[in-house]
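Report on the structure given below.
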Amino acid sequence: MPPPRAIRPGDAFVPSAVRSDEALLNVAVKAVRKGHRVLNRCAQRLDRLNAAAKQDNPTNLVTQADTEVEAAVIEEIRTFFKHDAILAEELSGEEPDVAALMQRDAPRTWVIDPIDGTTNFVHGYPHYAVALAYVEDGRVRLGVISSAATGELFTVVRGAGALLDGHAMRVSGRTQLRGALLANCSHGRETDALQHDNLATYRDLYSKRLTIRRTGSAVLDMAYVAAGRLDGFWGSGLQPWDMAAGGLMIAEAGGLISDYSAADNWMQTGQVVCGAPQCYAGILHSVMQRSRPAEEPAGESPD
Numbered sequence: 023m024p025p026p027r028a029i030r031p032g033d034a035f036v037p038s039a040v041r042s043d044e045a046l047l048n049v050a051v052k053a054v055r056k057g058h059r060v061l062n063r064c065a066q067r068l069d070r071l072n073a074a075a076k077q078d079n080p081t082n083l084v085t086q087a088d089t090e091v092e093a094a095v096i097e098e099i100r101t102f103f104k105h106d107a108i109l110a111e112e113l114s115g116e117e118p119d120v121a122a123l124m125q126r127d128a129p130r131t132w133v134i135d136p137i138d139g140t141t142n143f144v145h146g147y148p149h150y151a152v153a154l155a156y157v158e159d160g161r162v163r164l165g166v167i168s169s170a171a172t173g174e175l176f177t178v179v180r181g182a183g184a185l186l187d188g189h190a191m192r193v194s195g196r197t198q199l200r201g202a203l204l205a206n207c208s209h210g211r212e213t214d215a216l217q218h219d220n221l222a223t224y225r226d227l228y229s230k231r232l233t234i235r236r237t238g239s240a241v242l243d244m245a246y247v248a249a250g251r252l253d254g255f256w257g258s259g260l261q262p263w264d265m266a267a268g269g270l271m272i273a274e275a276g277g278l279i280s281d282y283s284a285a286d287n288w289m290q291t292g293q294v295v296c297g298a299p300q301c302y303a304g305i306l307h308s309v310m311q312r313s314r315p316a317e318e319p320a321g322e323s324p325d
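All letters in the sequence shown, in the order written, are residues 23 to 325 by our numbering.
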């Protein structure tokens, strides 16, 4: 039997057996790099870009750059995969059905965050990224993250490891929270099934004599955990495009990841704890001690 031919522009449908990891990753990298080029051009005319706050959150900005970058990424994907589903931050316009996305019979879906860290971008603060993940059979199969400021490219393929500019990534070897460098990006929602006191968690973790950063980009925070630059991360109120690529990177780089109840439902809940194994355990303990089911009355956070 002859080997399957390579994916070519204009292919309307490519059978699953032909969708090799290499072919998919090539498309993903091309799409992200195209988005990155558009983003760089937008950064040069930052003073002329329109920014507007989303209705549900005045601090959640969407810019003309978000829509331009998103369109560029989608255009590249559509060149090769015309019928795949697209889940994109600006295109979606409403709360995504994450449960449906993670079903085994869900359509093949490309999950896009055109600019993670839009507020940073608007202020000229150079910490933001373009992120893309590919979900098949209810699991993230691969992901790509491009750091706009540094030009670094983070890639991951399930079962094949995570890379930073072609070099293997591993989570840090830190074995305790003391002296650790963590990051947090939390946007608590009243609809969360598990309500969490984030300030209490900060106080508890700071008592361990560590450092916490709030960088404004969950995408890069999770990529940095995979690269060993951060020892751990926790966040809430996140969306699939914030976590999909980075979550797989952490797992492939030897880290641990879960939601706030230690379950493997972080994509569905939007609540995530991750890090080097021992640091993950310490963060998770602190978070769990300061979380309660939404139906329970608020009270003193347990110790």
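Ideal Cβ positions, reconstructed from N, Cα and C, are used throughout, including at glycine.
Sorted by chain position, which residues of the same chain lie with C-beta nearer than 6 Å to L203's C-beta, five sequence neighbours on each side aside?
Within the sequence shown, the letter at position 181 stands for residue 203. Excluding sequence neighbours, L203 sits near T233, L252, D253.
From M271 to T177, what distance separates their C-alpha atoms?
For the purposes of this step, residue 271 is identified with residue 249 of the sequence shown, where counting begins at 1. For the purposes of this step, residue 177 is identified with residue 155 of the sequence shown, where counting begins at 1. If you take the alpha carbons of M271 and T177, they lie about 7 Å apart.
Is DSSP giving E274 helix, strand or coil here?
In the sequence shown, counting from the first residue as 1, residue 274 sits at position 252. Looking at E274 - three-state DSSP - the assignment turns out to be helix.
When T237, G304, A245, D281 are compared against G139, the one with the closest alpha-carbon
Mapped onto the sequence shown, residue 139 falls at position 117. For the residues T237, G304, A245, D281, the minimum Cα distance to G139 belongs to T237.
Taking the beta strand (DSSP E) that D138 belongs to, which residues open and close that run?
Taking the first residue of the sequence shown as 1, we reach residue 138 at position 116. From DSSP, the beta strand (DSSP E) with D138 extends over 131-138.
Using a Cβ-Cβ cut-off of 8 Å (strictly less than) and excluding sequence neighbours within five positions of A266, which residues of its own chain qualify?
Counting from 1 along the sequence shown, the entry for residue 266 is found at position 244. So the qualifying residues of the chain are V133, A153, A155, V157, V162, G165, M289.
For D286, is the classification buried or exposed, using 16 other Cβ atoms within 10 angstroms of its Cβ as the cut-off for buried?
What you label residue 286 is simply residue 264 of the sequence shown in a count that begins at 1. Result: exposed.
From which residue to which residue does the beta strand (DSSP E) around Y156 run?
As a working mapping, residue 156 is identified with position 134 in the sequence shown. That run of the beta strand (DSSP E) goes 151-158.
Assuming S308 and L227 make a contact with CB atoms under 8 Å, what is their CB distance in whole Å?
On the sequence shown, position 286 is the one that residue 308 refers to. On the sequence shown, position 205 is the one that residue 227 refers to. Going by Cβ atoms, the distance from S308 to L227 rounds to 6 Å, so yes, they are a contact pair.
Starting from F176, trace the alpha helix (DSSP H) both ways and give me its first and last residue.
Along the sequence shown, read from residue 1 onward, the residue named residue 176 stands at position 154. Segment 175-179 is the beta strand (DSSP E) holding F176; no alpha helix (DSSP H) there.
For Q293, three-class secondary structure by DSSP:
As a working note, residue 293 is residue 271 in the sequence shown. Of the three classes helix, strand and coil, the one that applies to Q293 here is coil, per DSSP.
Suppose contacts are defined by Cβ-Cβ distances below 8 Å. Is H209 in contact with G173 by that definition?
Within the sequence shown, numbered from 1, the residue matching residue 209 stands at position 187. Within the sequence shown, numbered from 1, the residue matching residue 173 stands at position 151. Contact flag unset, no.
Got a sec? Which residues, its chain only, sit under 8 Å from K52 by beta carbon, not counting five neighbours each side?
Taking the first residue of the sequence shown as 1, we reach residue 52 at position 30. The beta carbon of K52 sits closer than 8 Å to those of E98, all from its chain and outside the five residues before and after it, given in chain order.
For D335 and A182, I'd like the C-alpha separation in whole angstroms.
Outside the modelled stretch of the chain, which goes from 23 to 325, sits residue 335, for which no answer is possible.
Out of A284, G304, K230, D187, which one is the CA nearest neighbour of A249?
Here residue 249 is taken as the residue at index 227 of the sequence shown, counted from 1. The candidate whose alpha carbon is nearest that of A249 is D187.
Would H149 pass as a contact of L242 if the rule is Cβ separation under 8 Å?
In the sequence shown, the residue the question calls residue 149 occupies position 127. In the sequence shown, the residue the question calls residue 242 occupies position 220. Annotated as proximal: H149 and L242, with beta-carbon spacing under 8 Å.
Based on the DSSP secondary-structure assignment, which residues constitute the bridge partners of I99?
Indexing the sequence shown from 1 puts residue 99 at position 77. Note: I99 sits in no beta bridge, so no partner.
Length of the line joining the Cα atoms of L46 and V247
Along the sequence shown, one-based indexing puts residue 46 at 24. Along the sequence shown, one-based indexing puts residue 247 at 225. Cα to Cα, L46 sits roughly 24 Å from V247.
Go ahead and label L189 buried or exposed: buried means 16 or more other beta carbons lie within 10 angstroms of its beta carbon, across all protein chains shown.
The residue given as residue 189 occupies position 167 in the sequence shown. Just to set this straight, residue 189 is His in the shown sequence, not Leu. Label assigned to H189: exposed.
As assigned by DSSP and simplified to three states, the class of P299
Counting from one through the sequence shown, the residue named residue 299 turns up at place 277. Here P299 sits in helix by DSSP.
Which residues mark the beginning and the end of the beta strand (DSSP E) in which N6 is found?
As shown, the chain starts at 23 and ends at 325. That puts residue 6 outside it, with no answer to give.
So, with DSSP's three-state summary, where would you put V166?
As a first step, residue 166 must be located in the sequence shown, where it is residue number 144. Three-state DSSP puts V166 in a strand.
Can you tell me where the alpha helix (DSSP H) with T58 in it begins and where it stops?
Along the sequence shown, read from residue 1 onward, the residue named residue 58 stands at position 36. Note that residue 58 corresponds to His in the displayed sequence, not to Thr. First-last of the alpha helix (DSSP H) with H58: 43-66.
Would you mind working out which of G304, I96, V91 sits nearest A284, comparing C-alpha positions?
As a first step, residue 284 is located in the sequence shown; it is residue number 262 there, counting from the start. For A284, the nearest C-alpha among the options comes from G304.
With 16 other CB atoms within 10 Å as the buried threshold, where does A110 fall?
In the sequence shown, counting from the first residue as 1, residue 110 sits at position 88. Counting Cβ neighbours within 10 Å, A110 comes out buried, since at least 16 surround it.
With a Cβ-Cβ cutoff of 8 Å, do P136 and D88 count as a contact?
Position 114 of the sequence shown, counted from the start, is the residue given in the question as residue 136. Position 66 of the sequence shown, counted from the start, is the residue given in the question as residue 88. Their beta carbons are under 8 Å apart, which means P136 touches D88 by this criterion.
Anyone know if the C-beta pair for P299 and L278 falls short of 8 Å?
In the sequence shown, the residue the question calls residue 299 occupies position 277. In the sequence shown, the residue the question calls residue 278 occupies position 256. A contact, by the Cβ cut-off of 8 Å.
What residue from S169, A205, M310, I167 has the CA that sits closest to D219's CA?
As a first step, residue 219 is located in the sequence shown; it is residue number 197 there, counting from the start. Measuring from the Cα of D219, the nearest candidate turns out to be M310.
Could you pull out every residue in the same chain whose Cβ sits closer than 6 Å to the Cβ of H58, ignoring the five residues on either side in sequence?
Here residue 58 is taken as the residue at index 36 of the sequence shown, counted from 1. V152, S168, listed in sequence order.
Since L216 contacts S313 with CB under 8 Å, what's their CB separation in whole angstroms?
Position 194 of the sequence shown, counted from the first residue, corresponds to residue 216. Position 291 of the sequence shown, counted from the first residue, corresponds to residue 313. Between S313 and L216 the Cβ distance is about 5 Å, and since that is below 8 Å, they are a contact.
Nearest-angstrom Cα distance between N206 and V144?
For the purposes of this step, residue 206 is taken as residue 184 along the sequence shown, with counting starting at 1. For the purposes of this step, residue 144 is taken as residue 122 along the sequence shown, with counting starting at 1. Computed Cα separation, rounded: 21 Å.
Reducing DSSP to helix, strand and coil, say where Q77 ends up.
The sequence position of residue 77 within the sequence shown is 55, counting from 1. Residue placement at Q77 cannot be trusted, given a pLDDT of 43 that sits under 50; what the coordinates show is reported in the next sentence. The answer is coil: DSSP assigns Q77 none of H, G, I, E or B.
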